[in-house]
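Number of protein chains: 2
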Amino acid sequence: MNQTKPTLYTSLSPALLHLYDLSNSIVVIIDVLRATSTIATALYNGAKSVIPVDSVSRCIEIGKQIQGITAGERDGKIAEGLIYGNSPFEYPKEFVEGKTLVLTTTNGTRLLQMALDKGATEIITGSFPNLTAVCDHLTEMKQNVILGCAAWKDRVNMEDMLFAGAVISTIRSQFSINCDSSRLAETIYKKAQKDLFGFMKKNDASHYHRLMGFGLEKDIRYCLAADGANVLPVYDNGKLVVKQ
Amino acid sequence: MNQTKPTLYTSLSPALLHLYDLSNSIVVIIDVLRATSTIATALYNGAKSVIPVDSVSRCIEIGKQIQGITAGERDGKIAEGLIYGNSPFEYPKEFVEGKTLVLTTTNGTRLLQMALDKGATEIITGSFPNLTAVCDHLTEMKQNVILGCAAWKDRVNMEDMLFAGAVISTIRSQFSINCDSSRLAETIYKKAQKDLFGFMKKNDASHYHRLMGFGLEKDIRYCLAADGANVLPVYDNGKLVVKQ
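Protein sequence lines, in the order shown, are assigned to chains A and B. Note that this note's numbering has the first sequence beginning at -10, numbered continuously upward. Note that this note's numbering has the second sequence beginning at -10, numbered continuously upward.
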């Protein structure tokens, strides 16, 4: 084993993040359905920045201050007081270019705040639509990595673990990986990779089930497809912006 | 979906156990390498009971009080002040029959205490050596089930998830399972089941690596084989005894 390789760990839930040393690490926030997919998409389509917030009231407050697009859902519908939802399809170039999106995302924002508090060197967001941008960046940086799954109210979910597995299967040779969660994620991804949508359907993943119930098959399919919005969102002083 | 079926959830780490409602549930404590495998083995070989304790000092104290066999390891060696180790092979019938084993197990005992505090209806221990006894009991009881992985210092591990998957793949039709952790565990198990030892080796599971380093291949192989000690340990007032 080459001891000079940086380490890579996967935290399957925010409730497990405290187990890992985040200092001197790049943390990848993963919230595949749909927050980090929508963040990548909005930035890919030219949004100036995306401000992640953890509540509807904070979204409204910041939206007013900066004249931003306020977005967020509760139970599959646009949350009261906000103007747009969580779907990546709501943010095409002709709408979002040059604007700031204020996005309510409970699980992802909380995880991002935890990573900030614990002194992560850099925080980026990952999703299948920007898979290659994430992998290229991690390979290039040669720093320790924590893949942080946002999960669902701390419960481990399938799609975030699949994305962690996709990253690991791409970059594993560059890292020292002594982490069963990472190995499990890679195994699951390899089993599923030929048809991620089919895998989620066959196993009746909880978010597959939930979003299909809202009629959002198109969203799920988009959020499980690689490189549809291949930019690298990086957190910088309260905002996610495209890494230049 | 048959709403009258009991529910089944898998908690992949003690740090996730609080997410599940343990009241009116049977909790299965899973610590495959090696605590729950050794517990099943000692009871199968006629031990009167196994008292799980969370520290060496407590082990010594109780061992004196009841004239029990004190057992526990630190870094692969018998812990100072104790007489035996954690290997199932240390507890054959001719040695352990009629005796009480006081076993130091950090991860498993802590999880067991959490399950007690949270009001589990019944606490049993599970491992591959008593896989069928666990599955038969859960099928018979028709109650809600939490599969509780002891993990390693709260980090998810491969072998406990594999055992959860083995249980689920056997009894899934009897339960309502709305839990991605359970579905992931079953998927991993199905991928690994033809050769669990080979799967752990190929994926360099952290405990595989650790125990092989102590020369314990025989222990690993035994702890991954089904039904070598097919009894049902149930927790009763501080002790694990065979369920009659």
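Ideal placement from N, C-alpha and C gives every residue a C-beta, glycine not left out.
- Spell out whether any CB of chain B is found under 8 Å from the CB atom of Ala254 (chain A). Nothing about residue 254 (chain A) can be read from this structure; chain A reaches only from -10 to 233.
- Task: Kindly indicate which three-state DSSP category Ile157 (chain A) falls into: helix, strand or coil?
- Result: In the three-state reduction of the DSSP assignment, Ile157 (chain A) falls in the helix class.
- In chain A, what lies closer than 8 Å to Asp143 (chain B) by C-beta? Within chain A, Leu5 and Leu8 have C-beta atoms less than 8 Å from the C-beta of Asp143 (chain B), given in sequence order.
- Task: Give every residue of the same chain whose Cβ lies closer than 8 Å to the Cβ of Ala36 (chain A), excluding the five residues on either side of it in the sequence, and list them in chain order.
- Result: The residues are Tyr80, Val85, Glu86, Gly87, Lys88, Thr89 and Leu90.
- Task: Give the secondary structure of Ser46 (chain B) by DSSP, where H, G and I count as helix, E and B as strand, and everything else as coil.
- Result: Reduced to three states, the DSSP call for Ser46 (chain B) is helix.
- Exposed unless 16 or more other CB atoms sit within 10 angstroms - verdict on Glu129 (chain B): Residue burial annotation: Glu129 (chain B) is exposed, with fewer than 16 other C-beta atoms found within 10 angstroms of its C-beta.
- Taking only runs that begin and end inside the region 44 to 100 of chain A, name each unbroken beta strand (DSSP E) of 3 or more residues, in chain order. If we require 3 residues or more, the beta strand (DSSP E) runs fully inside the region 44 to 100 of chain A come out as 58 to 60 and 89 to 93.
- Would you kindly work out how many angstroms separate the C-alpha atoms of Tyr(-2) (chain A) and Tyr9 (chain A), rounded to a whole number? Distance from the CA atom of Tyr(-2) (chain A) to the CA atom of Tyr9 (chain A), rounded to whole angstroms, is 8 Å.
- Message: Residues of chain A with CB closer than 7 Å to the CB of Thr176 (chain B), please, in chain order.
- Response: Residues of chain A passing the Cβ test: Ile177, Lys180 and Asn192.
- Just the C-alpha distance for Gln233 (chain B) and Ser14 (chain B), rounded to the nearest angstrom, thanks. Taken atom to atom, the span from the alpha-carbon of Gln233 (chain B) to that of Ser14 (chain B) is near 20 Å.
- Message: From the DSSP secondary-structure annotation, give me the bridge partner or partners of Ser12 (chain B).
- Response: Per DSSP, the beta bridge partners of Ser12 (chain B) are B:Ala109.
- Got a sec, what are the start and stop residues for the alpha helix (DSSP H) Leu234 (chain A) sits in? Residue 234 (chain A) lies beyond the stretch modelled for chain A, which goes from -10 to 233, so this question has no answer here.
- Item | Residues that Arg172 (chain B) contacts on chain A, provided the C-beta gap is smaller than 8 Å | Within chain A, the residues near Arg172 (chain B) are Met147, Asn192, Asp193 and Ala194.
- Query: Among B:Ala104, B:Asp43 and B:Ala218, which one has its Cα closest to the Cα of Pro3 (chain B)?
  - Reply: The candidate whose alpha carbon is nearest that of Pro3 (chain B) is B:Ala104.
- Task: Using a Cβ-Cβ cut-off of 8 Å, state whether Ser2 (chain A) counts as contacting chain B.
- Result: Cβ-Cβ to chain B under 8 Å: yes for Ser2 (chain A).
- Task: Verify the CB distance criterion: does Met150 (chain B) have a CB-CB separation below 8 Å to chain A?
- Result: At a cut-off of 8 Å between beta-carbon atoms, Met150 (chain B) makes contact with chain A.
- Task: Pick out whichever of B:Leu1, B:Ser116 and B:Leu11 has its Cα sitting closest to the Cα of Thr30 (chain B).
- Result: Among B:Leu1, B:Ser116 and B:Leu11, the Cα nearest to that of Thr30 (chain B) belongs to B:Ser116.
- Message: Determine, for Asn167 (chain A), whether the minimum Cβ-Cβ distance to residues of chain B falls below 8 Å.
- Response: Asn167 (chain A) counts as touching chain B.
- Task: Alpha carbon to alpha carbon, how far is Asp184 (chain B) from Ile51 (chain B)? Give it in angstroms, no decimals.
- Result: The alpha-carbon atoms of Ile51 (chain B) and Asp184 (chain B) are separated by roughly 39 Å.
- Are Thr121 (chain B) and Thr25 (chain B) close, meaning C-beta to C-beta below 8 Å? Not in contact: Thr121 (chain B) and Thr25 (chain B) (Cβ atoms no closer than 8 Å).
- If you draw a straight line from the C-alpha of Glu175 (chain B) to the C-alpha of Ser165 (chain B), how long is it? The alpha-carbon atoms of Glu175 (chain B) and Ser165 (chain B) are separated by roughly 14 Å.
- Item | Thr(-7) (chain A), DSSP secondary structure in three states | The DSSP-derived three-state label of Thr(-7) (chain A) is coil.
- Item | Nearest-angstrom Cα separation, counted from Asp208 (chain B) out to Phe78 (chain B) | Looking at the two C-alpha atoms, the distance is approximately 8 Å.
- Message: Rounding to the nearest angstrom, what Cα-Cα distance links Lys180 (chain A) and Pro118 (chain A) in this structure?
- Response: If you take the alpha carbons of Lys180 (chain A) and Pro118 (chain A), they lie about 20 Å apart.
- Using a threshold of 8 Å, state whether the C-beta atoms of Lys234 (chain B) and Ile40 (chain B) are closer than that. Since the first and last residues shown for chain B are -10 and 233, residue 234 (chain B) lies out of range.
- Task: Answer yes if the region 219 to 228 of chain A comes into contact with the region 196 to 208 of chain B, meaning at least three C-beta pairs across the two stretches below 8 Å, and no otherwise.
- Result: The region 196 to 208 of chain B vs the region 219 to 228 of chain A: no contact.
- Message: For a test of the three-state rule: what should DSSP assign to Cys168 (chain A), helix, strand or coil?
- Response: In the structure shown, Cys168 (chain A) sits in coil (DSSP, three-state: anything other than H, G, I, E or B).
- Closer than 8 Å by C-beta to Met141 (chain A): which residues in its own chain qualify, once you throw out the five before and the five after it? Chain order, please. Per the sequence presented here, residue 141 (chain A) reads as Trp, with Met not at that position. Contacts found: Asn96, Ser195 and His196.
- Query: By how many angstroms is the C-alpha of Leu11 (chain B) removed from the C-alpha of Gln132 (chain B)?
  - Reply: Pairing Gln132 (chain B) with Leu11 (chain B), the inter-Cα distance amounts to about 11 Å.
- Query: Which residues mark the beginning and the end of the beta strand (DSSP E) in which Val145 (chain A) is found?
  - Reply: Note, Val145 (chain A): premise wrong, no beta strand (DSSP E); not H, not E.
- Task: May I have the straight-line CA-CA distance separating Leu127 (chain A) from Arg144 (chain B), to the nearest angstrom?
- Result: Looking at the two C-alpha atoms, the distance is approximately 23 Å.
- Message: Under DSSP, the beta strand (DSSP E) around Gly237 (chain B) begins and ends at which residues?
- Response: A question about residue 237 (chain B) goes unanswered here, because the residues of chain B that appear run from -10 up to 233.
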